[in-house]
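Undergrad:
Number of protein chains: 2
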Amino acid sequence: MSTETEAGSLLQYLAELRQAVDKALDAWVPAVTAAPTSIHEAMRYSLFAGGKRIRPILAISAASAVGSETTGVENAAASLELIHTYSLIHDDLPALDNDDLRRGRPTCHKVFGEALAILAGDALLTLAFEVLSRLPDAGAESKISLVEELAHAAGTVGGMIGGQVNDLEGERKTPNPELLESIHRAKTGALLRASVRIGAIYAGADDSQLSALTAYGEHVGLAFQIVDDILDVEESSEQLGKTAGKDRAQHKVTFPGVYGLARSREMADEERVAALSALANFDARGDRLRQIANYIVQRKA
Amino acid sequence: MSTETEAGSLLQYLAELRQAVDKALDAWVPAVTAAPTSIHEAMRYSLFAGGKRIRPILAISAASAVGSETTGVENAAASLELIHTYSLIHDDLPALDNDDLRRGRPTCHKVFGEALAILAGDALLTLAFEVLSRLPDAGAESKISLVEELAHAAGTVGGMIGGQVNDLEGERKTPNPELLESIHRAKTGALLRASVRIGAIYAGADDSQLSALTAYGEHVGLAFQIVDDILDVEESSEQLGKTAGKDRAQHKVTFPGVYGLARSREMADEERVAALSALANFDARGDRLRQIANYIVQRKA
Chain G
86 MSTETEAGSL
96 LQYLAELRQA
106 VDKALDAWVP
116 AVTAAPTSIH
126 EAMRYSLFAG
136 GKRIRPILAI
146 SAASAVGSET
156 TGVENAAASL
166 ELIHTYSLIH
176 DDLPALDNDD
186 LRRGRPTCHK
196 VFGEALAILA
206 GDALLTLAFE
216 VLSRLPDAGA
226 ESKISLVEEL
236 AHAAGTVGGM
246 IGGQVNDLEG
256 ERKTPNPELL
266 ESIHRAKTGA
276 LLRASVRIGA
286 IYAGADDSQL
296 SALTAYGEHV
306 GLAFQIVDDI
316 LDVEESSEQL
326 GKTAGKDRAQ
336 HKVTFPGVYG
346 LARSREMADE
356 ERVAALSALA
366 NFDARGDRLR
376 QIANYIVQRK
386 A
Chain V
86 MSTETEAGSL
96 LQYLAELRQA
106 VDKALDAWVP
116 AVTAAPTSIH
126 EAMRYSLFAG
136 GKRIRPILAI
146 SAASAVGSET
156 TGVENAAASL
166 ELIHTYSLIH
176 DDLPALDNDD
186 LRRGRPTCHK
196 VFGEALAILA
206 GDALLTLAFE
216 VLSRLPDAGA
226 ESKISLVEEL
236 AHAAGTVGGM
246 IGGQVNDLEG
256 ERKTPNPELL
266 ESIHRAKTGA
276 LLRASVRIGA
286 IYAGADDSQL
296 SALTAYGEHV
306 GLAFQIVDDI
316 LDVEESSEQL
326 GKTAGKDRAQ
336 HKVTFPGVYG
346 LARSREMADE
356 ERVAALSALA
366 NFDARGDRLR
376 QIANYIVQRK
386 A
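Protein chains in written order, with the numbering used here: chain G, 86 to 386; chain V, 86 to 386.
1) Alpha carbon to alpha carbon, how far is Leu253 (chain V) from Leu265 (chain V)?
2) Just to confirm the assignment, what range does the alpha helix (DSSP H) spanning Leu201 (chain V) have?
3) With a Cβ-Cβ cutoff of 8 Å, do His269 (chain V) and Ala360 (chain V) count as a contact?
4) If you follow the alpha helix (DSSP H) that Asp317 (chain G) is part of, which residue opens it and which one closes it?
5) Just to confirm the assignment, what range does the alpha helix (DSSP H) spanning Leu276 (chain V) have?
6) Can you tell me whether Thr388 (chain V) is buried or exposed? The criterion is at least 16 other CB atoms within 10 Å of its CB, across all chains shown.
7) Check whether the segment 278-296 of chain V and the segment 235-244 of chain V touch, using three or more Cβ-Cβ pairs below 8 Å as the test.
8) With distances taken Cα to Cα, identify the nearest neighbour of Thr192 (chain G) among G:Tyr344, G:Gly135, G:Thr241.
9) In whole angstroms, what separates the C-alpha of Ala175 (chain G) from that of Ala202 (chain G)?
10) Can you confirm whether Gln249 (chain G), when its beta carbon is compared against all beta carbons of chain V, has any partner nearer than 8 Å?
11) Just grab the DSSP bridge partners of Pro191 (chain G) for me.
12) Please classify Val358 (chain V): is it buried, with 16 or more other beta-carbons within 10 angstroms of its beta-carbon, or exposed?
13) Whose Cβ in chain G lies nearer than 7 Å to the Cβ of Lys228 (chain V)?
14) Is Leu143 (chain V) closer than 8 Å to Thr170 (chain V) when the C-beta atoms are compared?
15) Excluding the 5 residues flanking Val343 (chain G) on each side, which residues of the same chain have their C-beta closer than 8 Å to its C-beta?
16) Measuring only between beta-carbons, confirm whether Val358 (chain V) sits less than 8 Å from chain G.
17) Hey, does Phe309 (chain G) have any beta-carbon neighbour from chain V nearer than 8 Å?
18) Counting only Cβ pairs nearer than 7 Å, list the residues of chain V close to His125 (chain G).
19) Does Val232 (chain G) come within less than 8 Å of chain V when only Cβ atoms are used?
20) Using a beta-carbon distance cut-off of less than 7 Å, what residues from the segment 170-197 of chain V approach chain A?
21) Could you name the residues of the segment 91-122 of chain G whose beta carbon sits closer than 7 Å to any beta carbon of chain V, in the order they occur along the chain?
22) Is it buried or exposed for Arg348 (chain G), if we count other Cβ within 10 angstroms and need 16 for buried?
23) For Leu276 (chain G) and Leu165 (chain G), which I take to be in contact (beta-carbon distance under 8 Å), what is that distance rounded to the nearest angstrom?
24) Let's test the definition: count the other Cβ atoms within 10 Å of the Cβ of Ala162 (chain V) and tell me whether it reaches 16, buried, or not, exposed.
25) Strictly below 7 Å CB to CB, what residues from chain V border Phe214 (chain G)?
26) How long is the line joining the alpha carbons of Asp291 (chain V) and Gly152 (chain V), rounded to whole angstroms?
27) Apart from the five residues just before and just after Ala105 (chain G), which ones in its own chain have a Cβ nearer than 8 Å to its Cβ?
28) Please tell me whether Asp207 (chain G) has its Cβ less than 8 Å away from any Cβ of chain V.
29) Hey, would you say Ile315 (chain V) sits closer than 8 Å to Arg370 (chain V), going by beta carbons?
30) Would Ala225 (chain V) pass as an interface residue toward chain G - the criterion being a Cβ-Cβ separation below 8 Å?
31) What number of angstroms, rounded off, separates the C-alpha of Val312 (chain G) from the C-alpha of Leu167 (chain G)?
32) In the segment 277-292 of chain V, which residues sit with their C-beta less than 8 Å from some C-beta in chain G, listed in chain order?
33) Is the beta carbon of Ala205 (chain G) less than 8 Å from the beta carbon of Ala180 (chain V)?
34) How many Å lie between Val114 (chain V) and Ala147 (chain G) at the Cα?
35) Does any CB atom of chain V fall closer than 8 Å to the CB of Gln246 (chain G)?
36) In chain order, what are the residue ranges of uninterrupted alpha helix (DSSP H) at least 4 long that sit wholly in the segment 107-167 of chain G?
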């Protein structure tokens, strides 16, 4: 398969998955006509703002890599986007990153006010667990494993909130490789890793499959973050759909800041290669995950 | 049993349960020495601030009313206090109720800053679901029912966040009985109702027991809120451990505001009586719930 054909076919695959995920999200999140309407409007404003849905896509693709029976996996995948969106809304608040622009539009608190933005984040976080508890095509054992996986990945000990705290406090510290890795392994890495694992658990992965996919998720997660940091330096706000150059302005600890741009690009590629080699024992059903690893490193926004 | 003896015995019972709940909370929440230490300090600051633990106590007492086998119910009960504490931290933020005093101490954001307070609330909310997913003495079916119950009660549709939104928006509306009831049924009522139901589900209540306990929880929840509103008018900040008279200052829709103090007191007692009559088919194992209904209406803080 030529690179061009692969890219064409991948983009179509990603578009189809995004559509499936958006349909699931639309079904789970109360309509804007449901009372109290203002919070459902705020939740939907941030949720349907043109996100890439990379976490749900990783979950669905990991499920496909494990087995053919993955009915309803888009519902489990949707819970990851609910968590991701809540974290963006809270991160953008004045008390945290104080960002006015996200995905090319004013941030949630700029449109709905801070009070409603805080509550909309809380509501998306809460809804993520309600969705997992009500998955229509999964058994209780599977559902409770997914709740545990998601809660741990979103939490304080090695999870997303812990990484966010380290990131905030890192603004006052001298950047160094250990601090950088500890921040990103938790802040973005934990949820990306959990995305792959949630798809794998949903599809009934055995221990060796789960362990290989976990390694894949860790490498892809790190590659994703390195590329994010590079794009923040290289691209304009218009291309990114969010304020560019914010990392530097806020003294964030970043890969280009610690290693320089050239070495950061090499590192992203090393993580990509490591992600691919973690998939060595998967057959053609792992091809989408392979293509996604390539795509994550080559993306421009 | 004389009223005096009942009160004495109840206070000892409540103190024992509080101790059991605090022990469970202490075991679930990471130590202040666990990295990142600052957020665990903030979480514990608000969690161990001398709360009455009324929600966990309702859960444990409802479990006892249903059956004798309730090993580990204090862990499920702890999840309710995690949710309640997160809601207090977020409610107290400057963008919401902007309160400086809670349980006699400066609020979380006054001590740790707004960023950490927002994240500490997020972390307590997330941890509540992690706790339910890891209950040591419950099966998967039971655990997933508890997750669904808690997530729904804490959510936007008839749940705590929905009530909070109505409360915020109610500040700009003319107080009336329907608005008042809709706010409180969701804002505090949903979680108190869920407290009783979570204990009942944990103990394996049958449909008729669950339905009677749900009615009890609804009446006790409303009584609790009416008394809270009355205390806000009658008591000093010192007695309450939080800023008194805030409801009026913030134009909150309250029971004394809509019905006056005298009628509010009558209404609280009517709810107490209705709660007791919902327990008609329970034997002596329901006595603690009966005593708690009386206690909630008679309390002074």
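Note that the Cβ used here is the ideal one computed from N, Cα and C, for glycine as well.
TA: Based on what the coordinates show:
1) Position 168 of the second sequence, counted from the first residue, corresponds to residue 253 (chain V). Position 180 of the second sequence, counted from the first residue, corresponds to residue 265 (chain V). Approximately 12 Å, taken between the alpha carbons.
2) Your numbering for residue 201 (chain V) matches position 116 in the second sequence. Judged by DSSP secondary structure, Leu201 (chain V) falls within the alpha helix (DSSP H) whose first and last residues are 199-218.
3) Here residue 269 (chain V) corresponds to residue number 184 of the second sequence, with the count starting at 1. Here residue 360 (chain V) corresponds to residue number 275 of the second sequence, with the count starting at 1. One thing to note: His269 (chain V) has its Cβ no nearer than 8 Å to the Cβ of Ala360 (chain V).
4) The residue given as residue 317 (chain G) occupies position 232 in the first sequence. Element bounds for Asp317 (chain G): 292-319.
5) In the second sequence, counting from the first residue as 1, residue 276 (chain V) sits at position 191. Under the DSSP assignment, Leu276 (chain V) falls in the alpha helix (DSSP H) whose first and last residues are 274-287.
6) Because chain V in this structure spans residues 86 to 386, residue 388 (chain V) falls outside the shown range and cannot be described.
7) Yes, since at least three Cβ pairs between the segment 278-296 of chain V and the segment 235-244 of chain V fall closer than 8 Å, the two stretches touch.
8) On the first sequence, position 107 is the one that residue 192 (chain G) refers to. Here the closest residue by C-alpha is G:Gly135.
9) The residue labelled residue 175 (chain G) in the question sits at position 90 within the first sequence. The residue labelled residue 202 (chain G) in the question sits at position 117 within the first sequence. First, the residue type needs correcting, since residue 175 (chain G) is His and not Ala in the sequence shown. A straight line joining the alpha-carbon of His175 (chain G) with that of Ala202 (chain G) spans about 7 Å.
10) Translated into the one-based positions of the first sequence, residue 249 (chain G) becomes position 164. True, the Cβ-Cβ gap to chain V drops below 8 Å.
11) As a first step, residue 191 (chain G) must be located in the first sequence, where it is residue number 106. DSSP, once it has assigned bridges, lists G:Leu186 as partnering Pro191 (chain G).
12) Within the second sequence, the letter at position 273 stands for residue 358 (chain V). So Val358 (chain V) counts as exposed.
13) For the purposes of this step, residue 228 (chain V) is taken as residue 143 along the second sequence, with counting starting at 1. Residues of chain G whose Cβ lies closer than 7 Å to the Cβ of Lys228 (chain V) are, in chain order, Ile229.
14) The residue labelled residue 170 (chain V) in the question sits at position 85 within the second sequence. The residue labelled residue 143 (chain V) in the question sits at position 58 within the second sequence. No; because the gap between Cβ atoms is not below 8 Å, this pair is not in contact.
15) Position 258 of the first sequence, counting from 1, holds the residue named residue 343 (chain G). Cβ within range, chain order: Pro260, Asn261, Pro262, Leu265.
16) For the purposes of this step, residue 358 (chain V) is taken as the residue at position 273 of the second sequence. No - not a single Cβ of chain G is within 8 Å of the one on Val358 (chain V).
17) Position 224 of the first sequence, counted from the start, is the residue given in the question as residue 309 (chain G). For Phe309 (chain G), the answer is no, since every Cβ of chain V falls outside 8 Å of its Cβ.
18) Mapped onto the first sequence, residue 125 (chain G) falls at position 40. Ordered by position in chain V, the residues that pass the 7 Å Cβ test against His125 (chain G) are Thr241.
19) Looking up residue 232 (chain G) in the first sequence gives position 147. It does: the Cβ of Val232 (chain G) has a partner Cβ on chain V nearer than 8 Å.
20) This model lacks chain A altogether, as its protein chains are G and V.
21) Answer in chain order: Pro115, Ala119, Pro121.
22) Locating residue 348 (chain G) in the first sequence gives position 263, counting from the first residue. Exposed, since its Cβ has fewer than 16 Cβ neighbours within 10 Å.
23) Here residue 276 (chain G) corresponds to residue number 191 of the first sequence, with the count starting at 1. Here residue 165 (chain G) corresponds to residue number 80 of the first sequence, with the count starting at 1. Indeed they touch by this definition, with Cβ atoms about 7 Å apart.
24) Counting from 1 along the second sequence, the entry for residue 162 (chain V) is found at position 77. Counting Cβ neighbours within 10 Å, Ala162 (chain V) comes out buried, since at least 16 surround it.
25) Residue numbering aside, residue 214 (chain G) sits at position 129 when the first sequence is read from its first letter. At a C-beta separation below 7 Å, Phe214 (chain G) has these neighbours in chain V: Phe214, Val232, Ala236.
26) Here residue 291 (chain V) is taken as the residue at index 206 of the second sequence, counted from 1. Here residue 152 (chain V) is taken as the residue at index 67 of the second sequence, counted from 1. Between Asp291 (chain V) and Gly152 (chain V), the alpha-carbon positions lie close to 11 Å from each other.
27) Here residue 105 (chain G) refers to the residue found at position 20 when the first sequence is read from its first residue. Excluding residues up to 5 positions away in sequence, Ile145, Glu159 lie with their Cβ nearer than 8 Å to the Cβ of Ala105 (chain G) in the same chain.
28) By one-based count along the first sequence, residue 207 (chain G) stands at place 122. Contact of Asp207 (chain G) with chain V is assigned, a C-beta pair being separated by under 8 Å.
29) For this step, residue 315 (chain V) is matched to residue 230 along the second sequence. For this step, residue 370 (chain V) is matched to residue 285 along the second sequence. No, these two residues do not count as a Cβ contact at 8 Å.
30) In the second sequence, counting from the first residue as 1, residue 225 (chain V) sits at position 140. Judged by the 8 Å Cβ criterion, Ala225 (chain V) is in contact with chain G.
31) Taking the first sequence and counting its residues from 1, the one referred to as residue 312 (chain G) is at position 227. Taking the first sequence and counting its residues from 1, the one referred to as residue 167 (chain G) is at position 82. A direct Cα-to-Cα measurement between Val312 (chain G) and Leu167 (chain G) gives close to 23 Å.
32) Closer than 8 Å at the C-beta level to chain G, one finds no residue of the segment 277-292 of chain V.
33) Position 120 of the first sequence holds residue 205 (chain G). Position 95 of the second sequence holds residue 180 (chain V). No; because the gap between Cβ atoms is not below 8 Å, this pair is not in contact.
34) For the purposes of this step, residue 114 (chain V) is taken as residue 29 along the second sequence, with counting starting at 1. For the purposes of this step, residue 147 (chain G) is taken as residue 62 along the first sequence, with counting starting at 1. Distance between the alpha carbons of Val114 (chain V) and Ala147 (chain G): 32 Å.
35) Here residue 246 (chain G) refers to the residue found at position 161 when the first sequence is read from its first residue. Correcting the residue identity first, residue 246 (chain G) is Ile in this sequence and not Gln. Answer yes: the Cβ-Cβ gap between Ile246 (chain G) and chain V drops below 8 Å somewhere.
36) Counting only runs of 4 or more, we get 122-132, 139-151.
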